[in-house]
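Using the working numbering, the first residue of the sequence shown is number 1, and each one after it goes up by one. The beta carbon of each residue, even a glycine, is placed where N, CA and C say it ideally should be. To keep things clear, I will list the structure first and then write my remarks on it.
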Amino acid sequence: MRLLLLALILSFIGLSYACKGNFNPYTTTIGQCGSTDRTDWLPTDNAPVLTPANLDPAELAVHEARMDHILAMGTALKRKFVASIYHQNGTLMCTGVNMGKPNIISHGEIVAINNCTELHGITVFTNYTLYTTGEPCAMCAGALVWADFKTVVWGTYNSDLLCKICMSNIPMDSAYIFGRSYGLRSSSTTLIGGVRRAQADAFFGSYCSNPNSIYYIQPKCACTPQ
Ligand SMILES: *[C@@H]1O[C@H](CO)[C@@H](O)[C@H](O)[C@H]1NC(C)=O
Ligand SMILES: *[C@@H]1O[C@H](CO)[C@@H](O)[C@H](O)[C@H]1NC(C)=O
Ligand SMILES: *[C@@H]1O[C@H](CO)[C@@H](O)[C@H](O)[C@H]1NC(C)=O
Ligand SMILES: [Zn+2]
């Protein structure tokens, strides 16, 4: 009986490590691999995502005002994905809107980064905060990690965009990418999700009954009633 229990516990431990690639805590050295080693990544958690409930009211009010600004821009321009970049001294440096131009990877965040570089010659964004109406997709999250943003703030979550709003998206939380910034540097980006969430979700609306929209995809999501 005891042996059975032990075997069960061990297989549970084995299973939980099996989910993290080939990492084996008993045989794996963390650091530089030898030339004949098989290499694998360090198992890493997603980055933490703060929500409005975690912020003090004064800080939250600043984020909300800046989110309101890009939501209003999106409404005026009839575009969904709008981003803005602020210096840590509070100055709005530039904005970016996904207009589908010059090409299909011109997401709001990418347009804003390129705009800030063009307008102000900024090449690294260590002391800047980026706001976006929708959580960064996997591509943009990667770009934001490379750019070294201090803080990234979004309204609507990727999971809601794909699973509830039926907008095509890469099914990945940006926190997965942000959690892996250790390959570039020791500091990590502060993430704040769901600022003006209800307003942002309403702004995106729903494409679920609009299969002819360029945004539409039929979601394949795991849905849990709560
Ligand atoms: C804030 O910093 C930016 C970038 O260096 C600069 O352009 C801007 O004038 C500064 N604003 C204030 C109010 O200090
Ligand atoms: C760049 O940012 C400025 C300042 O926010 C804005 O007026 C302009 O429309 C932006 N350009 C593009 C291409 O988004
Ligand atoms: C960011 O701001 C700090 C001061 O708060 C300054 O020491 C540092 O040089 C700045 N980093 C960059 C990349 O401009
Ligand atoms: Zn994107």
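_For residue 121 and residue 232, the rounded distance between their alpha carbons_ = There is no way to answer for residue 232, as the model of the chain reaches only from 1 to 226.
*asked:* For a test of the three-state rule: what should DSSP assign to residue 151, helix, strand or coil?
replied: Within the sequence shown, the letter at position 151 stands for residue 151. Looking at residue 151 - three-state DSSP - the assignment turns out to be strand.
_Residue burial classification, residue 196 (beta-carbon count within 10 angstroms, cutoff 16)_ = To locate residue 196, count along the sequence shown from 1; it is residue 196. With 16 or more other CB atoms across the displayed protein chains lying within 10 angstroms of its CB, residue 196 is buried.
_Cut-off 6 Å between Cβ atoms - residues of its own chain near residue 63, not counting five sequence neighbours on either side_ = On the sequence shown, position 63 is the one that residue 63 refers to. The residues are 153, 195.
*Hey, out of 53, 169, 222, whose CA is closest to residue 193's CA?*
As a first step, residue 193 must be located in the sequence shown, where it is residue number 193. Of the candidates 53, 169, 222, the residue whose Cα lies closest to the Cα of residue 193 is 53.
*Same chain, Cβ closer than 7 Å to residue 45, five either side skipped, listed in chain order*: Taking the sequence shown and counting its residues from 1, the one referred to as residue 45 is at position 45. The answer, listed in chain order, is 179.
*Excluding sequence positions up to five away, which residues of its chain have a Cβ less than 8 Å from the Cβ of residue 223?*
If you number the sequence shown from 1, residue 223 lands on position 223. Result list for residue 223: 163, in chain order.
*Is any heavy atom of ligand 4 found at a distance shorter than 7 Å from the C-beta of residue 136?*
Locating residue 136 in the sequence shown gives position 136, counting from the first residue. Under cutoff, so the answer is yes.
*When the cut-off is 8 Å and only beta carbons count, does residue 169 lie next to chain D?*
Protein chain content of the structure displayed is limited to a single chain, and chain D is not contained in it.
*Got a sec? Which residues, its chain only, sit under 6 Å from residue 151 by beta carbon, not counting five neighbours each side?*
If you number the sequence shown from 1, residue 151 lands on position 151. Counting only Cβ-Cβ distances below 6 Å, and skipping sequence neighbours, we find 129, 190.
*Mind checking which residues open and close the alpha helix (DSSP H) that includes residue 27?*
Sequence index remark: in the sequence shown, residue 27 carries index 27 (1-based). Here residue 27 belongs to no alpha helix (DSSP H), and DSSP marks it neither H nor E.
*Outcome for residue 100 when other beta-carbon atoms lying within 10 angstroms are tallied against a minimum of 16*: Taking the sequence shown and counting its residues from 1, one reaches residue 100 at position 100. So residue 100 counts as exposed.
*Locate the alpha helix (DSSP H) running through residue 83, then write down its first and last residues.*
Within the sequence shown, residue 83 is the residue found at index 83, counting from 1. Membership of residue 83 in any alpha helix (DSSP H) is not indicated; the residue belongs instead to the beta strand (DSSP E) covering 82 to 87.
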